[in-house]
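Chains A and B are the protein sequences, given in the same order.
Residues 156 to 334, numbered by the working numbering, are exactly what the first sequence covers, in order.
Residues 94 to 701, numbered by the working numbering, are exactly what the second sequence covers, in order.
Beta carbons are placed, not taken as given, at the ideal position from N, Cα and C, and that holds for glycine.
Model, not experiment: these values are computed from the prediction.
Structure record follows, encoded as structure tokens.
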Amino acid sequence: MSTSLQRTFIVHVEDRPGVLNRVISLFRRRAYNIDSLTVARTERPSISRITLVVVVDDREARLLEANLYKLINVLYVEDVTHQGPLVRELALIKVKATEETRPQILQVCDVFRARAIDVTPSALVVELTGTPDKIDGLIEVLRPSGIIELVRTGAVAMERGARSPLADVLDAAPPEQAA
Amino acid sequence: MTKAGTSPKIEQVPTGHGDSSSGSAPEHARSTTKRTGAEIVWEVLASEGVEVVFGYPGGAIMPIYNALHQRPIRHVLVRHEQGAAHMADGYARASGRVGVCLATSGPGATNLVTGIATAMLDSSPLVCITGQVPASLLGSDAFQELDITGVTLPITKHNYLVTRAEDIAPTLREAFFIARSGRPGPVLVDITKDAQQATAAIEPRPPAVRLPGYRPAHHPSAEDLTRAAELIAAAERPLILAGHGIIKAEASPQLMELVEKTGIPVASTLLGLGGFPATHPLSLGMMGMHGEAWVNTAIQESDLLIALGMRFDDRVTGNLKTYARKARKIHVEIDPSELNKNVQVDVALAGELRRTLTELIPRVARRTCTPWVQHINALKSNSAARDIQYMPHNGRLHAAHVIHDLWWLTRGKALMVTDVGQHQMWEAQYYRHERPRQLITSGGLGTMGFALPAAMGARLAQPGEEVWVVVGDGGFQMSAAELSTCAQEGIKLHVAIINNGYLGMVRQLQQFFYENRYTATPLRNPDFVKLVEAHGLTGLRVTRREEIPDAVAQARASPCTAVIDFRVEQEDIVYPMVPAGANLDEMIRRPQDESEVCATSPWSSGAV
Chain A
156 MSTSLQRTFI VHVEDRPGVL NRVISLFRRR AYNIDSLTVA RTERPSISRI
206 TLVVVVDDRE ARLLEANLYK LINVLYVEDV THQGPLVREL ALIKVKATEE
256 TRPQILQVCD VFRARAIDVT PSALVVELTG TPDKIDGLIE VLRPSGIIEL
306 VRTGAVAMER GARSPLADVL DAAPPEQAA
Chain B
94 MTKAGTSPKI EQVPTGHGDS SSGSAPEHAR STTKRTGAEI VWEVLASEGV
144 EVVFGYPGGA IMPIYNALHQ RPIRHVLVRH EQGAAHMADG YARASGRVGV
194 CLATSGPGAT NLVTGIATAM LDSSPLVCIT GQVPASLLGS DAFQELDITG
244 VTLPITKHNY LVTRAEDIAP TLREAFFIAR SGRPGPVLVD ITKDAQQATA
294 AIEPRPPAVR LPGYRPAHHP SAEDLTRAAE LIAAAERPLI LAGHGIIKAE
344 ASPQLMELVE KTGIPVASTL LGLGGFPATH PLSLGMMGMH GEAWVNTAIQ
394 ESDLLIALGM RFDDRVTGNL KTYARKARKI HVEIDPSELN KNVQVDVALA
444 GELRRTLTEL IPRVARRTCT PWVQHINALK SNSAARDIQY MPHNGRLHAA
494 HVIHDLWWLT RGKALMVTDV GQHQMWEAQY YRHERPRQLI TSGGLGTMGF
544 ALPAAMGARL AQPGEEVWVV VGDGGFQMSA AELSTCAQEG IKLHVAIINN
594 GYLGMVRQLQ QFFYENRYTA TPLRNPDFVK LVEAHGLTGL RVTRREEIPD
644 AVAQARASPC TAVIDFRVEQ EDIVYPMVPA GANLDEMIRR PQDESEVCAT
694 SPWSSGAV
């Protein structure tokens, strides 16, 4: 039995009503908690891309992938966990900041290459794009100052290199027609 | 709209396959005329070769029903929509074609749910068409509005909500394509009422269905096929496990060829029965929870399992940790998500079964398995002693007698449809299924109430067949209302109620595992003969074994559906039994000390 770990799936789907629901239902049915989920359109019209992070073991990951392929509107599934993909997440953090504490907070943000996007006399809103780890790091550093509100997008991921696996699939011959 | 009370004349018009519209007068100028969405529904159904649909009208599907008028498609009016889904399922299982059912929105649609789930679990191709409230009312909790695509999302292979008339034809064509291709399954198409009423053009020559994400056809690699052939050559104690896929893929001739080339014995799953002829010397019978003892023992002792179109269901494997531990495993399966799901295999062949076997057989070396088969035959020897068939007459009518005698009296040729419970297992054990599609039963979902409506669908698919329904007194009452449909539609069935006055399988579990506390399992039944006669059908009763031949003869002679109420031994047990989660060879066997063994049964052909 292999151990469970956080796995990242990229699911390319047709952009149609209900598709996200079908994908998520696979995980819901098996009582998995989804750690992170992002969905948006892609460079191709009518194709959306789901980045999904979930804790499963090897066997479960393989079965999930096979079951994702059973969904009619799923075009291509990548389990990029072991490929060292490029992973990014966006966070907006609203943190307490007075005249006295503001410079110190901004200094910390600078170290993380985070940007202040709103300043009021009592608070700052900071924007950070980075790996989920890096965002966790900034949150920990800002927590003592008093985080008022926090929102994260969840991870988006992409394989390194020049290849687009989806292109191979979409340019392939159409499936065989039933007799 | 037409008045609700004026029902369309349901005329039976025989029609050929496929093109049913040629030459009919109202079909003029078909390429340019716009049609209503409702008319398009029937146009597509006709072009898909649909000859019969099962359904129940209602407000949100009335345009479609209205457009059925004078169509060359037969409509069977059921008494409950669940019956419509089961009938379409029975039709599909008996014919291999797509079964079609119709229902209105809301409660009509939800009543289909059990039937759709039954089809899903047994990979039966269905297209279910439901009416929906007008698109402008979606999400408003309008009268009889229900999110049926949401409800059926986990129990359909795919489903659609259609809100525009121009989407109806392409969607229905996709639905048929998805339902019948790859691993078959049910597809639901929910059509809003305004889409049914709106008009759209329909192309006379529809474009081919193109679904870029749908890949129903898989083919194993040549290397994997060769590896499988090598394992088969090297095995000393190989077994073939034949599943439902043999029947779905119509791969029985290939299975026979493989067996004749290798001499490997064949065990069947419940749904695989009939995929390999039961009277073949290398047919072992059913495996699993109520499988034959020698089969389960042989599985545990085997050194190679060749699993064909089956999915290692927990009813088949028992405890997975101890399942066939000495065996290497080859698994051929059309659905890749079934490979390595329950059982880790050595060679996983994702592929269409008939084609895969056709490619595998030439690679397999000719061989025999004589010592292994002799060993298995020796395992059988003490089983006859435990068979109720061979026990002396004690005056009581056992269900096993009924099934055995039905097999004998129908010469093993009837199309058998069973419900779910003890009688289902006795049917599987005592009827000998010789050909594919001879047994229709709910295996995956285990749906009580399935048999009667499914048999009606099967009978319409195979009008030349003698169809027998084997059903318990509990399950019969779950869909007994469809007797009325049987009478109205003139569908002739033979129904054997195995009446033991209990929910027998649950009572058996109570006896074994709940210290004989028969909570909520005794049934106070109506007089089934009178119930059947109230429908204008033939009702018969049998209480002694010697009455069986006469009752069967009367049922067969009856011009209409005939129901025989077999009053069988009340507290009989299905033996053998592997308790849930136990090791496959930890079987509870019929006690031998009851009485001495009778060498021959009056009905037996002598074979074990």
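Report yes or no: is there a C-beta of chain A within less than 8 Å of the C-beta of residue i?
i: lysine 354 of chain B; result: no
i: lysine 80 of chain B; result: The requested residue 80 of chain B does not occur in the structure, where chain B is confined to residues 94 to 701.
i: threonine 242 of chain B; result: yes
i: alanine 222 of chain B; result: In the sequence as displayed, the identity of residue 222 of chain B is isoleucine instead of alanine. Not one chain A Cβ lies under 8 Å of isoleucine 222 of chain B.
i: tyrosine 307 of chain B; result: yes
i: isoleucine 591 of chain B; result: no
i: arginine 123 of chain B; result: Residue confidence is low: arginine 123 of chain B scores 48 on pLDDT, short of 50, so the model does not pin down where it sits. Its coordinate-derived value is still stated next. Not an interface residue.
i: isoleucine 357 of chain B; result: no
Apart from the five residues on each side of it in sequence, which residues of its chain come closer than 8 Å, Cβ to Cβ, to residue i?
i: serine 159 of chain A; result: Val210, Val211, Asp212, Glu215
i: alanine 360 of chain B; result: Leu332, Ile333, Leu334, Ala335, Leu377, Gly378, Met379, Met380, Gly384, Val388, Ala391, Ile392
Compute the distance between the beta-carbons of residue i and residue j, then report whether it is under 8 Å.
i: isoleucine 166 of chain B; j: glutamate 132 of chain B; result: no
i: arginine 162 of chain A; j: threonine 236 of chain A; result: yes
i: proline 240 of chain A; j: methionine 313 of chain A; result: yes
i: isoleucine 205 of chain A; j: valine 178 of chain A; result: yes
i: valine 134 of chain B; j: isoleucine 241 of chain B; result: no
i: leucine 293 of chain A; j: phenylalanine 267 of chain A; result: yes
i: glutamate 174 of chain B; j: leucine 205 of chain B; result: yes
i: valine 250 of chain A; j: isoleucine 302 of chain A; result: yes
i: glycine 629 of chain B; j: alanine 580 of chain B; result: yes
i: isoleucine 325 of chain B; j: leucine 375 of chain B; result: no
i: aspartate 234 of chain B; j: leucine 254 of chain B; result: no
i: threonine 631 of chain B; j: leucine 586 of chain B; result: no
i: valine 622 of chain B; j: aspartate 658 of chain B; result: yes
i: glycine 306 of chain B; j: isoleucine 340 of chain B; result: no
i: isoleucine 590 of chain B; j: valine 656 of chain B; result: yes
i: leucine 490 of chain B; j: valine 661 of chain B; result: yes
i: valine 281 of chain A; j: cysteine 264 of chain A; result: yes
Would you say residue i reaches chain B, if we count a Cβ-Cβ gap shorter than 8 Å as a contact?
i: serine 97 of chain A; result: This structure leaves residue 97 of chain A out entirely; chain A is present only between 156 and 334.
i: isoleucine 227 of chain A; result: yes
i: arginine 185 of chain A; result: no
i: leucine 261 of chain A; result: no
i: leucine 283 of chain A; result: no
i: leucine 230 of chain A; result: yes
i: leucine 325 of chain A; result: yes
Taking 6 Å as the limit between beta carbons, can you name the residues of its chain near residue i, skipping five residues before and five after?
i: glycine 411 of chain B; result: Val671, Ala675, Asn676, Leu677
i: glycine 130 of chain B; result: Ala258, Ile261, Ala288, Gln289, Ala291
i: histidine 705 of chain B; result: Beyond the ends of chain B as shown, which are 94 and 701, falls residue 705 of chain B; an answer cannot be given.
i: tryptophan 519 of chain B; result: Ala492, Ala493, Ile496
i: proline 154 of chain B; result: Before going further, note that residue 154 of chain B is isoleucine rather than proline in the sequence given. For isoleucine 154 of chain B, where only same-chain residues beyond five positions count, the Cβ hits under 6 Å are Thr197, Gly224.
i: proline 309 of chain B; result: Ser274, Gly275
Please return the same chain residues whose Cβ sits closer than 7 Å to the Cβ of residue i, not counting the five positions on each side in sequence.
i: glycine 116 of chain B; result: Residue placement at glycine 116 of chain B cannot be trusted, given a pLDDT of 40 that sits under 50; the coordinates are not used to answer.
i: glycine 324 of chain A; result: Just to set this straight, residue 324 of chain A is valine in the shown sequence, not glycine. Leu230, Tyr231.
i: glutamate 431 of chain B; result: Arg404
i: valine 513 of chain B; result: Ser535, Gly539, Thr540, Met541, Phe543, Gly568
i: valine 137 of chain B; result: Ala262, Leu265, Arg266
i: tyrosine 523 of chain B; result: Ala493, Ile496, His497, Trp500
**Request:** For the segment 590-630 of chain B, list the alpha helix (DSSP H) runs that are entirely contained and at least 4 residues long, ordered along the chain.
**Result:** 597-606, 621-627
**Item:** 4-residue-minimum alpha helix (DSSP H) runs that sit fully inside the segment 133-201 of chain B, ordered along the chain
**Value:** 155-160, 174-188
**Request:** Note down, in chain order, all residues in the segment 324-345 of chain B with a beta-carbon under 7 Å from any beta-carbon belonging to chain A.
**Result:** none
**Request:** Below 9 Å between beta carbons is the criterion; list the residues of the segment 192-209 of chain B that meet it against any residue of chain A, in chain order.
**Result:** none
**Request:** Identify every run of the beta strand (DSSP E) within the segment 415-465 of chain B, keeping only runs that are complete inside it and at least 3 residues long; order them along the chain.
**Result:** 421-426, 440-443
**Message:** Please list, in chain order, the residues of the segment 233-259 of chain B that have any C-beta partner in chain A closer than 7 Å.
**Reply:** Thr242, Leu246, Pro247, His251
**Request:** Using a Cβ-Cβ cut-off of less than 8 Å, give me the residues of the segment 209-224 of chain A that come near chain B, in sequence order.
**Result:** Arg214, Arg217, Leu218, Ala221, Asn222, Tyr224
**Message:** Counting only Cβ-Cβ distances shorter than 9 Å, please list the residues of the segment 160-178 of chain A near chain B, keeping chain order.
**Reply:** His167, Val168, Glu169, Pro172, Gly173, Asn176, Arg177
**Request:** Note down, in chain order, all residues in the segment 411-441 of chain B with a beta-carbon under 8 Å from any beta-carbon belonging to chain A.
**Result:** Asp428, Pro429, Ser430, Leu432, Asn433, Lys434
**Asked** In chain order, which beta strand (DSSP E) runs of at least 3 residues are fully inside the segment 250-285 of chain A?
**Response** 270-274, 278-285
**Message:** Quick check for students: name the residue ranges of the beta strand (DSSP E) that lie wholly in the segment 330-395 of chain B, counting only runs of 3 or more.
**Reply:** 331-335, 359-361, 376-379
**Message:** Give me the subset of the segment 283-304 of chain B whose CB atoms are less than 9 Å from a CB atom of chain A, sorted by chain position.
**Reply:** Ala301, Val302, Arg303, Leu304
**Asked** Listed from N- to C-terminal order along the chain, which residues in the segment 264-281 of chain B have their beta-carbon within a distance smaller than 7 Å of any beta-carbon of chain A?
**Response** Phe270, Ile271, Arg273, Ser274
**Request:** Note down, one range per segment and in chain order, each beta strand (DSSP E) of at least 3 residues found wholly within the segment 159-223 of chain A.
**Result:** 160-169, 189-196, 202-211
**Request:** Taking only runs that begin and end inside the segment 259-333 of chain B, name each unbroken beta strand (DSSP E) of 3 or more residues, in chain order.
**Result:** 279-285
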